[in-house]
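Residue numbers (the numbering used here), protein chains in the order written: chain A, 2 to 489; chain B, 2 to 489; chain C, 2 to 489; chain D, 2 to 489.
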């Protein structure tokens, strides 16, 4: 079999964003803290990034397309002075210049300035936007975060503080949002009532830090304090930190389970659970549910490695690093423009053939989406001489799209919607294939009392999906272009 | 005398913008037409530029800091497909990243998309913005053009077409604006009731083109049709072109006279008058009002040359090109960071010493603002050996700031506000000095029936200046930063 | 304890270069093959890279400072047409613009063009250069590769083919060189008589490929054929491939042992030995020589991981991925310009604290050079709560500088030259410390019959070091600047 | 008639280079002086530029493709410390990356370092290079300046100082060269025995400055001292300045007459003659030789303007600036990739139609090369309504190629070689056409005792042209690529 050239540009899922913010006591530079924090969150978004700082209410910011190390340098960071900051990384899509969609969004409203960094996806953004337009609003981006800004600005007219406006906004917007809001005097961290996306709080001397993942606290030297709770509003200003918990009725706690499986860093702790341990646990469960006689357990780098260590631990089969990943290949990989046929090139991933030859291999990956990667991995191992290849997947089959901020595609593209496990096994050319059972998800997180969202596996969505959102599911925001009316 | 290093970075005045738009019949590519048009208008703004195209109502655009040749290339232009386009060049200020303020502004409102390119300055923008904020509006830029967008979006809710919304908007906004508005189906060109800024219409086969100056029509091969009239709205759509003239009461026609003196290109015709002829005429008037015995007439390149030719023609004194300008020195001139003393360096302008030595020279420049250039020019000529230097200025003394879109500074900085002509003559070291008399301005434009604004010379402002605008006079837009409230 | 900000910018050793070349049969594009090959060799040099192609003897090339993905794009690769190519990656030093030193070197000489890609360091380059200068030679770079070009050009005058000239050159130059030479009609691969640096040969249909490491063959789809032997000259032209082995007397085979320990990729095979297996073997030896009771074995990413797996395998202590590396931090890491104190930030490496807390940890790293990293690793683990930290090093102590192409520094900087193991243990704060014994190096490579150079550990240098080379040991080439005579 | 899109990308001739050097007494920074000097010489070369500084014999340099303002910034200039410097601008060709050919060339030879900046073209470079190759030399560029370096390095072995080596070199090389040579302790300025290219000397306090044109002295504040004489070697070191005049036999003084006509700046003085005055004189001569009744005299900007002023002065016909040049269009002008037909666009040059309409116009340009511009100018004026167009050319017809450093093409491309004046007049559509008579060239330079080369007009070449040079006439250096031998 011959591979196409870009075989191992792994079909992946993408988180939409990461956020990081700080209210400094003067012992830490907000812009540099954000820089370190964003570096630690870079895996959550590689399209664009930005930092907005507030210097006594005067905002300065810098944002651009590209990685954190490409967008920022000493000169820029030194120019971003202030006492507090919010910052953002956004996920990398293919195609056009969408700098307008980079965050933080910075705007002026009746009470001064507002800077917003947002992770998640609203499920009623289109409806709200339509309503605002009917009252004369104009929009300069295609992201739902601008809708949030508008609602806050409007609600601010009806109440006495920006935190009250945020609380009122939370009664209007629906869906997933972990939000950092910077007003002239306050830094406000918000997590939606379901708690779809993670958000935690740290401390550095008397500075307060908020980040999508605890690993970002480590990166700026802050100590982990606690997770922001679903439905909670944490306000930091010169008087210190305080919390509000508006009443949202009975909302199911629903952290995205895929944060543990794939999105988050191994060294993060989310809602009381170690990501690394959860992944190892998934490996252990797979070892129990799908045991096999084999010579080694191998993880597909990087996301399959933790589960492979767990599988090895449980099964006693030795763990080996038999596939090597080239860390110099990033977003810019070049394919030949000529349509020349290339033999099975191993550019991104390369097996250690002499280790694999004649061996029975258990290979572990985090998920199967469209099915275009799995057979390449199996073929690569077989070409390297593996006697048997047993594929284990540390998540259940994807059956449903996600409306809360990840890019799990529509059902038509999901291989598990259109094929049985047997068919997928056959297509993958593996000697056996085992998915993590849906019913083991709770066990994966060590039966911790964490409510989670498994809508992509079960179709049980914790928050209602509007008809427009259902139709408009699309990467990168609301379905703007179809929405173009022809004025007359 | 010793000069500082950047002697001849001529203190200049700057127009704020140039606009160019096209509704194509298919025989001309809108993006390339805009590229040519913007190149021809580059002198009106070197800070940033942008092109927005509409492809059946779907907008694509590209804008960035920099010159037209830096911001655009074939790949970008080829990607901008559509049937119509609006585009913009913005003037170069020092300092920070202000990409957010680049134009055209592109936004979505209740009726689809709206793209706006704006030349001029509103005099009641702050008041309108405050009012909009009181009703929940948010602002993402610091330019008054965003205010115009908002008002159009609001007015659109109350009427039946975008052109009606534009007409209603013109009853709300005050000051200077030559405006191109692109809705999903229409290209609309607007000139404020006073006609402060120029705007003309051209034709290329059945395509309609609008530009700040007629030279930009030449640059894309279009034929000049006519100027857009003050207070006129010209609408182009698939049915052709039509005009609206809302009633604005009795508004004085008030084209900025400084367009003839300095801003516009020599090869443009504005409101029926040739810019080149007006400048030559200014030279002729100076020759009559301030005759002198001399050996040659020299213009300070480039803006003084036309008037110098006119002075030579009227006086019979030979015209000479005795000062050479280095055209490779642009915005990026570097000064030594060491504080070393440099002798009178002639980098930007260099006199032809052997031509000047022992001669009586009439030297003509377009204006004196702060007075920092004039003595350098005189000293340069004297050092080159000139026996006498007679300075003639092809405009009257600047006495008042401009609120309609040029950066004439506050009175404190204007040398003519603080010194008599005699004092200025003495400061300049010239043997004589003559300004164009205010009362000759009409003669300068050959007594053409053109109403003009000479507020900067006379203090007679044709449109009312609000108190906020008066205080807020500042480069680059509204005085936003002082405006930062502290929310609580 | 407080760390400085850039704690974990790991003090590393650097290989000077990687080379890749191809003589194509027409079924593979040489420029794209080089691109893939260089990507696979990027770990050997991140300073600059280049590709030279020969199209019927007409050379075109592109080289620049930066990573392979930064220097090349489709447009450039498509412009590099030809039948054969040589290419190069060079190691990243700090500081000045040294594009002149980028390779391949391309030059014209009496027989047409010559392109050279060179990995290694000559030990008599200065002497040869002096001699050439005495006869009128001029030099445009500071690298010894230019000396090789000169010698080939001179020798070519005395013999009948370029390969003969290369063979004669090998009698003149001394030290380490794996060399690819491209003449108008031939691709020539050369390895010095000691075989200090690796070089292997692969095949893709009837195309011949040469690379510093076998992993680069995988990356372009070529099959491994064999290593180029020490002292061998392999010539490929349209008549196929042939080999020359000039007589060099009795030269000890001396492959750099540090290729196995650190430089090469885990998935490469060098001179018949798997790098991954050698590293695991080092871990196993350490487990036997320095056993300890512990709860987990952890590798310092990436280079300590293979040995950690081996240690775990031999000792039965579980392997854990308890330190996470941020792969987005490259060469461009920014330190704050303010001298603010930062608490122990974990930006590049971050421990999974909840895994480590209260545990006895065996931590494995590949080497200790100056000793500035080891105590940071130990402190990081102790701060994360480790009860005991047992450091194991998968190489012997560095006692001597390297003159053959790696940047092991002078003895004054090597911690093991100035401290006993006990002192180093104490400085590192580890509970125990064990180095791989020098006498186990042969066991590390599974007692394979590979002659190796362990000069950096033993001071036994296989090739003579001239006095000038001894004095001139320095990064980036010959000690040129001190060499500036003052002409008179 | 319809024009192609790039009508007025004027077919021009190009000088190959400009040089600038300084030996500082400490009161002026050499790098910044070079920066200013190169800016003033930018018209002589826009392809690449570079500055090399010598700090007590240690060379640092920076060179790159692009304009002076693009290649240098404060950071780079501040890093270039030293007591003396040489610098260079090179002319802009289309196509490939030829950074290797940028100057100054910096090399190491037996006596330390040598930096060379060269303006001109050798006529026996190929022969010398062949000879050097036969003795083992290698070449890394395709420019003849590298040949000069080699010869100096070789000759230095045979004598006692670098200036003696330069003197000996001048006996070997033939053709055009104005040369700046920087050795560890000396700055040496050289002009070939014919004096083809200009070179002058200035003084700034006790610093000595050398430049291709006197205008570059003005730009750094230096005073003009004198021209370097043909065949002269000027040496500056810490002991001051001295001159050598080796015996070259009877060499005809042969300054390129085209320096006066086109290459040099109007404000330069070359060998005692004002460029501006020479151009005006050419205009006066044309007025006498080809008088005509007309309403105005117009120069094609910029190079035709001086002669137009002279024509006007002599004829009494008024001078008008009736064609406007867009100074924002540089090298990067973009043509539409679509092959759409554009009407006569006036992007680079635009006539002031209302001035021209119905008028008889004398239009003056500096030269006609291929004839592709002249008819466009005439057509442009006629389309603008000119009643008559009388073309006057301020140089004689080009009949022969240039071998001394300008890119006058081969005879096949020269319109005057293949057409009579009558035919050219007809092709140009002008009502009359007059060239400056060859016999008036001496009158043009006011009968100054300047020997000049008019080989391009007469075929009388002052220095012998070798057969190889004759065949190899080509832009950018020696015809290297055809020269590729196939080694065997």
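Quick reminder that beta carbons are idealized off the backbone N, C-alpha and C, glycines included.
Measuring CA to CA, which of B:225, B:243, B:259 is closest to residue 233 (chain B)?
By 1-based counting over the second chain, the position of residue 233 (chain B) is 232. With distances taken between Cα atoms, residue 233 (chain B) lies closest to B:243.
Run through chain C and tell me which residues come within less than 8 Å of residue 319 (chain A), C-beta to C-beta.
Here residue 319 (chain A) is taken as the residue at index 318 of the first chain, counted from 1. What residue 319 (chain A) touches in chain C: 314.
First through last residue of the alpha helix (DSSP H) which encompasses residue 170 (chain C)
The residue labelled residue 170 (chain C) in the question sits at position 169 within the third chain. For residue 170 (chain C), the enclosing alpha helix (DSSP H) starts and ends at 163 to 173.
To the nearest angstrom, how far is the alpha carbon of residue 180 (chain C) from that of residue 105 (chain C)?
Translated into positions along the third chain, residue 180 (chain C) becomes position 179. Translated into positions along the third chain, residue 105 (chain C) becomes position 104. When rounded, the separation of the alpha-carbon atoms in residue 180 (chain C) and residue 105 (chain C) is 10 Å.
Using the beta-carbon count (16 or more within 10 Å), is residue 421 (chain A) buried or exposed?
For this step, residue 421 (chain A) is matched to residue 420 along the first chain. By the neighbour-count rule (16 or more Cβ atoms within 10 Å), residue 421 (chain A) is not buried but exposed.
Coil, strand or helix - residue 192 (chain A) by DSSP:
Here residue 192 (chain A) refers to the residue found at position 191 when the first chain is read from its first residue. Note: residue 192 (chain A) maps to strand in three-state DSSP.
Contact set between residue 35 (chain D) and chain C, taken where Cβ atoms lie within less than 9 Å
Residue mapping note: residue 35 (chain D) aligns to position 34 of the fourth chain, counting from 1. The premise fails here: residue 35 (chain D) is roughly 17 Å from chain C at the closest Cβ pair, so nothing lies under 9 Å.
Sequence-distant residues of its chain with Cβ nearer than 7 Å to residue 25 (chain A) (five each side left out):
As a first step, residue 25 (chain A) is located in the first chain; it is residue number 24 there, counting from the start. 31, 84, 85, 208, listed in sequence order.
In chain A, what lies closer than 9 Å to residue 355 (chain C) by C-beta?
Stepping through the third chain from its first residue, residue 355 (chain C) is reached at position 354. 270, 275, 277, 278, listed in chain order.
For residue 245 (chain B), name the three-state secondary structure that DSSP assigns.
What you label residue 245 (chain B) is simply residue 244 of the second chain in a count that begins at 1. In this structure, residue 245 (chain B) counts as strand in the three-state DSSP scheme.
Could you check whether the segment 219 to 236 of chain A touches the segment 288 to 296 of chain A, counting it as contact only if at least three pairs of C-beta atoms, one from each stretch, sit closer than 8 Å?
Cβ pair count under 8 Å is below three, so no.
Any contact of the segment 150 to 162 of chain C with the segment 113 to 133 of chain C, i.e. 3+ C-beta pairs under 8 Å?
Touching, yes.
With 16 other Cβ atoms within 10 Å as the buried cut-off, status of residue 251 (chain D):
For the purposes of this step, residue 251 (chain D) is taken as residue 250 along the fourth chain, with counting starting at 1. If you draw a 10 Å sphere on the C-beta of residue 251 (chain D), you find fewer than 16 other C-beta atoms in it, and that means exposed.
Distance, Cα to Cα, residue 444 (chain D) vs residue 43 (chain D)?
Along the fourth chain, one-based indexing puts residue 444 (chain D) at 443. Along the fourth chain, one-based indexing puts residue 43 (chain D) at 42. Spanning the two alpha carbons is a distance of roughly 29 Å.
What does a CB cutoff of less than 7 Å around residue 339 (chain A) pick up in its chain, not counting 5 residues either side in sequence?
Taking the first residue of the first chain as 1, we reach residue 339 (chain A) at position 338. Note that residue 339 (chain A) scores a pLDDT of 43, beneath 50, so its modelled location is shaky and nothing firm can be said.
Under the assumption that residue 1 (chain A) contacts residue 166 (chain A) (Cβ atoms under 8 Å), give the Cβ distance between them as a whole number of angstroms.
No information on residue 1 (chain A) is available, as it lies outside the stretch 2 to 489 that chain A covers here.
Residues bridged to residue 46 (chain D) by DSSP?
Here the question's residue 46 (chain D) lines up with position 45 in the fourth chain. DSSP output for residue 46 (chain D) lists no bridge partner at all.
Is it a yes or a no for the segment 362 to 380 of chain B touching the segment 407 to 421 of chain B, going by three-plus beta-carbon pairs under 8 Å?
Taking 8 Å as the limit for Cβ pairs, the verdict is that the segment 407 to 421 of chain B does touch the segment 362 to 380 of chain B.
Whole-Å CB distance - residue 204 (chain C) paired with residue 226 (chain C), under 8 Å assumed:
If you number the third chain from 1, residue 204 (chain C) lands on position 203. If you number the third chain from 1, residue 226 (chain C) lands on position 225. Taking 8 Å as the upper bound for CB-CB distance, residue 204 (chain C) and residue 226 (chain C) are in contact here, some 5 Å apart.
Against residue 67 (chain A), what residues of chain F qualify as contacts under a CB-to-CB distance less than 9 Å, listed in chain order?
In the displayed structure, chain F is absent; the protein chains listed are A, B, C and D.
Determine, using beta carbons only, whether residue 219 (chain A) comes closer than 8 Å to chain C.
To locate residue 219 (chain A), count along the first chain from 1; it is residue 218. At least one chain C Cβ lies under 8 Å of residue 219 (chain A).
How would you call residue 102 (chain C), buried or exposed, if buried means at least 16 neighbouring beta carbons within 10 angstroms?
Position 101 of the third chain, counting from 1, holds the residue named residue 102 (chain C). Looking at its Cβ environment, which holds 16 or more other Cβ atoms inside 10 Å, residue 102 (chain C) is buried.
With distance defined between alpha-carbon atoms, name the residue in B:57, B:90, B:61 nearest to residue 71 (chain B).
Looking up residue 71 (chain B) in the second chain gives position 70. Checked all of B:57, B:90, B:61; the closest Cα to residue 71 (chain B) is B:90.
Beta carbons nearer than 9 Å to chain A: which residues of the segment 118 to 141 of chain B have them?
Taking 9 Å as the Cβ-Cβ cut-off, the segment 118 to 141 of chain B approaches chain A at 130, 131, 133, 134, 135, 136, 137, 138, 139, 140, 141, given in chain order.
Do three or more CB pairs link the segment 388 to 401 of chain D to the segment 443 to 460 of chain D at distances below 8 Å?
Between the segment 388 to 401 of chain D and the segment 443 to 460 of chain D, the count of Cβ pairs shorter than 8 Å is three or higher; the stretches touch.
If you follow the alpha helix (DSSP H) that residue 286 (chain C) is part of, which residue opens it and which one closes it?
Reading the third chain from its first residue, position 285 is the one you call residue 286 (chain C). Counted as a single uninterrupted DSSP element, the alpha helix (DSSP H) harbouring residue 286 (chain C) occupies residues 276 to 290.
Along the segment 153 to 166 of chain B, what residues have a CB closer than 7 Å to any CB found in chain A?
Residues are counted here when their Cβ sits less than 7 Å from a Cβ of chain A; for the segment 153 to 166 of chain B these are 154, 155, 158, 162, 163, given in chain order.
Buried or exposed for residue 317 (chain C), please, with buried defined as at least 16 other CB atoms from any protein chain shown within 10 angstroms of its CB.
Taking the first residue of the third chain as position 1, residue 317 (chain C) is located at position 316. Flag for residue 317 (chain C) reads exposed.
With DSSP as the reference, label residue 407 (chain C) as helix, strand or coil.
On the third chain, position 406 is the one that residue 407 (chain C) refers to. In this structure, residue 407 (chain C) counts as strand in the three-state DSSP scheme.
Along the chain, where does the alpha helix (DSSP H) that runs through residue 64 (chain D) open and close?
Here residue 64 (chain D) corresponds to residue number 63 of the fourth chain, with the count starting at 1. Per DSSP, residue 64 (chain D) belongs to no alpha helix (DSSP H); it is in the beta strand (DSSP E), 59 to 66.
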